[in-house]
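Each position in the sequence shown, counted from 1, maps to that position plus 6 in this note's numbering.
Notes to accompany the following structure.
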Amino acid sequence: MKILVYSFLLITSLSFGQRVKTELVVGETSKQELLESKNKTWFQDIYDAYIPNEDDLEQITKLLKKQKKNQFEIYFGTWCPDSRREVPRIYKLLDLAGYDTEKVKLVGVKTDKKIPNISDEEREKLDVQRVPTLLILDKKGVEINRYVEYAQTTLEKDILMILSGENYKHSYLD
């Protein structure tokens with residue numbers, strides 16, 4: 007119960023009036039670089055508060071071990087409340103599942119959501135329209151599916167659906 011209250015208070019304080027200290031990050035970065043910047047507070051607070059469903063986490067862990075070569079790319083904005091909520095949670099879920107999060111490609115974008123340092127062709131192919139966008143790729147780098155901005159059910163259930171090959175549509179697909 008304390009955790010639920012803490013999570014509610016944390017999200018409420020981030021959402022209503024308290025200024026969140028952020029530092030604009032544009033381009034490829036890492037979790038460690040976020041933790042060494044002004045972004046540390048919001049990242050660490052959300053990371054610590056998030057407790058995934060144990061049964062879903064166990065299934066995700068098994069699938070990641072079985073599939074071994076899955077790759078993750080996250081496109082986010084430090085200026086974006088959805089990114090500040092979801093990115094730490096994604097990292098915590100992957101950390102708890104035993105995935106080497108050093109392998110996660112993390113790319114910060116400006117408010118125009120234009121991915122820096124790539125061609126217009128590559129940008130169009132990635133089709134990042136909202137942040138955060140989590141791309142889940144197979145071992146050949148081909149996109150399996152994506153998680154966009156917020157969960158349809160819960161973060162862990164959405165990721166589990168994607169990894170298990172179930173029919174999953176993110177928030178902005180008809």
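Just so it is clear, CB atoms sit at the ideal spot from N, CA and C, and this is done for glycine as well.
Is residue i helix, strand or coil when you go by DSSP?
i: serine 21; result: With a pLDDT of 47 at serine 21, under the threshold of 50, the modelled position of that residue is not reliable, and the figure given next carries that caveat. Correct three-state label for serine 21: helix.
i: valine 31; result: coil
i: tyrosine 53; result: helix
Between the Cα of residue i and those of the options, spot the shortest distance and give me the residue it belongs to.
i: aspartate 133; options: Leu161, Ser170, Trp48 and Val154; result: Val154
i: lysine 68; options: Trp85, Asp54, Lys37 and Gly104; result: Gly104
i: isoleucine 57; options: Leu102, Glu130, Gly147 and Asp126; result: Leu102
i: aspartate 164; options: Asp126, Lys116 and Ile96; result: Ile96
i: leucine 166; options: Thr47, Asp61 and Ile66; result: Ile66
What do you get for residue i, buried or exposed, if any count of 16 or more other CB atoms within 10 angstroms of its CB means buried?
i: proline 94; result: buried
i: tyrosine 81; result: buried
i: arginine 152; result: buried
i: aspartate 51; result: buried
i: asparagine 173; result: exposed
Could you check whether residue j and residue i sit closer than 9 Å to each other, using their CB atoms as the reference points?
i: threonine 84; j: arginine 91; result: no
i: leucine 112; j: lysine 37; result: yes
i: threonine 160; j: asparagine 76; result: no
i: glutamate 79; j: leucine 143; result: yes
i: isoleucine 121; j: valine 115; result: yes
i: glutamate 162; j: leucine 99; result: yes
i: leucine 169; j: glutamine 73; result: yes
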